[in-house]
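Asks:
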Amino acid sequence: MLGASKGLGKAVALALLAEGAAVTTAAPMRDAIEGWKAELPGDQAARLTVHDLDLFESLLPAGVDVLVNNCGGPAPGGVVGTPSDTWSRAFASMAGAVFQLTDRMIGPTLDRQWGRIIT
Numbered sequence: 006m007l008g009a010s011k012g013l014g015k016a017v018a019l020a021l022l023a024e025g026a027a028v029t030t031a032a033p034m035r036d037a038i039e040g041w042k043a044e045l046p047g048d049q050a051a052r053l054t055v056h057d058l059d060l061f062e063s064l065l066p067a068g069v070d071v072l073v074n075n076c077g078g079p080a081p082g083g084v085v086g087t088p089s090d091t092w093s094r095a096f097a098s099m100a101g102a103v104f105q106l107t108d109r110m111i112g113p114t115l116d117r118q119w120g121r122i123i124t
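Residue numbers (the working numbering): 6 to 124.
1. For residue 124, count the other beta carbons within 10 Å of its own beta carbon; 16 or more makes it buried, fewer makes it exposed. Which is it?
2. Do you know offhand how far residue 73's Cα is from residue 18's?
3. For the candidate residues 88, 96, 62 and 63, whose alpha-carbon lies nearest to that of residue 76?
4. What's the gap between the Cα of residue 108 and the Cα of residue 86?
5. Residue range of the alpha helix (DSSP H) that residue 124 falls in?
6. Determine the direct distance from the alpha carbon of residue 111 to that of residue 92, and round the result to whole angstroms.
7. According to the Cβ coordinates, are residue 37 and residue 11 closer than 8 Å?
Right under this line is the structure:
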């Protein structure tokens with residue numbers, strides 16, 4: 006579950022947990038997830054950042070049934086005068102993670118002949 010630190014992503018992650026799903030959450034900052042994860046009984050949710058691609062890949066053999074690509078937007082601010090490196094970081098964090106995680110999940114999903122990728 007990408008973008009699980011707040012808003013829609015957090016609500017979906019908590020709903021999946023309430024249904025008994027094992028949920029791995031991802032957000033740009035681990036601390037944002039740890040805050041609400043601490044409220045859960047036991048260790049119901051693993052967590053990683055969108056940059057932990059090796060960790061995500063290590064989860065694939067166990068079977069990832071659903072990948073939810075829910076990404077936030079760039080930092081608040083105006084378009085005019087925004088440095089190009091700010092745009093590059095925002096794009097890499099949002100679209101780059103979606104492309105890379107989806108790419109890593111496609112093969113195992115096809116091998117198992119089941120899985121869902123929601124973007």
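All C-beta atoms, glycine included, are put in the ideal place defined by N, C-alpha and C.
Replies: Taking the definition as stated:
1. For the purposes of this step, residue 124 is taken as residue 119 along the sequence shown, with counting starting at 1. Exposed, since its Cβ has fewer than 16 Cβ neighbours within 10 Å.
2. The count along the sequence shown starts at 1 and reaches residue 73 at position 68. The count along the sequence shown starts at 1 and reaches residue 18 at position 13. Approximately 9 Å, taken between the alpha carbons.
3. Position 71 of the sequence shown, counted from the first residue, corresponds to residue 76. Cα-wise, what sits closest to residue 76 is 96.
4. Residue 108 sits at position 103 when you count from the first residue of the sequence shown. Residue 86 sits at position 81 when you count from the first residue of the sequence shown. So the two alpha carbons sit approximately 33 Å from each other.
5. The residue you call residue 124 lines up with position 119 of the sequence shown. Note, residue 124: premise wrong, no alpha helix (DSSP H); not H, not E.
6. As a first step, residue 92 must be located in the sequence shown, where it is residue number 87. As a first step, residue 111 must be located in the sequence shown, where it is residue number 106. Going from the Cα of residue 92 to the Cα of residue 111 covers about 27 Å.
7. Taking the sequence shown and counting its residues from 1, the one referred to as residue 37 is at position 32. Taking the sequence shown and counting its residues from 1, the one referred to as residue 11 is at position 6. Yes, the pair counts as a contact, with Cβ atoms nearer than the cut-off.
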